[in-house]
Every structure is written in structure tokens, then in C-alpha cells.
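K.L.:
Numbering (the working numbering), first residue to last: 36 to 167.
Cβ atoms here follow ideal geometry from the backbone N, Cα and C, with glycine treated the same way.
#1: At what residues does the beta strand (DSSP E) containing residue 79 begin and finish?
#2: By DSSP's criteria, residue 55 is part of a beta bridge. Which residues make up the other side?
#3: Specify the secondary structure class of residue 167 as computed by DSSP and reduced to three states.
#4: With contact counted as at least three CB pairs below 8 Å, one residue from each stretch, are the segment 88-104 and the segment 65-79 in contact?
#5: By the three-class DSSP mapping on this structure, what secondary structure does residue 67 have?
#6: Can you name, in chain order, every residue of its own chain whose Cβ lies under 7 Å from the Cβ of residue 141, other than the five neighbours on each side?
#7: Identify, in the order they occur along the chain, each residue of the same chain with its Cβ nearer than 8 Å to the Cβ of residue 160, setting aside the five sequence neighbours on each side.
#8: Grab the span of the beta strand (DSSP E) containing residue 147 for me, first residue to last.
#9: Using the Cα positions of residue 128 and residue 112, report the straight-line distance between them to the nearest angstrom.
#10: Quick one: Cα of residue 124 to Cα of residue 110, how far?
#11: Does the segment 130-140 come within contact of the segment 65-76, defined as at least 3 CB pairs closer than 8 Å?
#12: Can you check which of these residues, 164, 165 and 145, is closest to residue 57 by C-alpha distance?
#13: I'd like to confirm the pairing. Which residues does DSSP put opposite residue 60 in its beta bridges?
#14: Does the Cβ of residue 43 have 16 or more other Cβ atoms within 10 Å, making it buried, or fewer, making it exposed?
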């Protein structure tokens, strides 16, 4: 809840839940069950949406009242550098780190898509999605 004092001195209460989205982050990483995936690597697309009350930042134009999305970017890129066999594991690590770093996040969605996975036939990507 946010309380705003209007220019007349009256208090106005309102609730704001908003979403911050990091869209289509392209990351080259070395995840996979097959040895070649861990040696050669491949491209991944990461999307993160977080639900957070950033009304304080909207009112005061102050970064302290919201989530610094550059920090979210750092967390994602750092965790993507840790080799893993499964993108499910990578997604779990990212989600945990984001929620531990920013306990005021109310929810959200994280997705990681592996482009051109090594499967028979053509496939643009395979994706895992975690609800925060």
C-alpha cells in the first residue's frame, strides 16, 4: 500500500502491483546432457517477469523504491556461466538467487529457451518456465 499526500494535504491510499520485464536476453552458454553442448555451447534466450510494488519509485523517481533491473541482468548472466546438464537446474538457480536477493518480489515468471537443441528434426527451441 502507498499513501500519497495530495497538494491539498489530504491522504490518498492506493495499491499498485506492477511488472518489470527483462525480454529476450541472449546468452551464450554451455549447458546440456551431451558432451558437445558443454564444449561448444549454444545460444539461449532468457525472459524474466517480476511482480513488484514500485509505486514509491513511480512517485519519487528513486531507484530505491523498485528493483534495479541491471542487478537482475547480472544475476541471470552470472548463473548462466555455471555449466549445468539441465536448463531446469539453471532456471531453478536463477529463480532462487533472484528471490533471495529481492525478497519484495511478489511473483513472476522465468523462462529459458535453448535455441536449436540437438534433437532429430528441426526445432527452433526448447523452453522451461518457472513461476516465481
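P.N.:
Let me spell this out:
#1: 77-87
#2: Answer is 85.
#3: coil
#4: no
#5: Looking at residue 67 - three-state DSSP - the assignment turns out to be coil, as it is neither helix nor strand.
#6: 52, 86 and 87
#7: 80, 148, 149, 150, 151 and 152
#8: 142-150
#9: 12 Å
#10: 15 Å
#11: no
#12: Of the candidates 164, 165 and 145, the one whose C-alpha sits nearest the C-alpha of residue 57 is 145.
#13: 81
#14: Exposed, by the Cβ-count rule.
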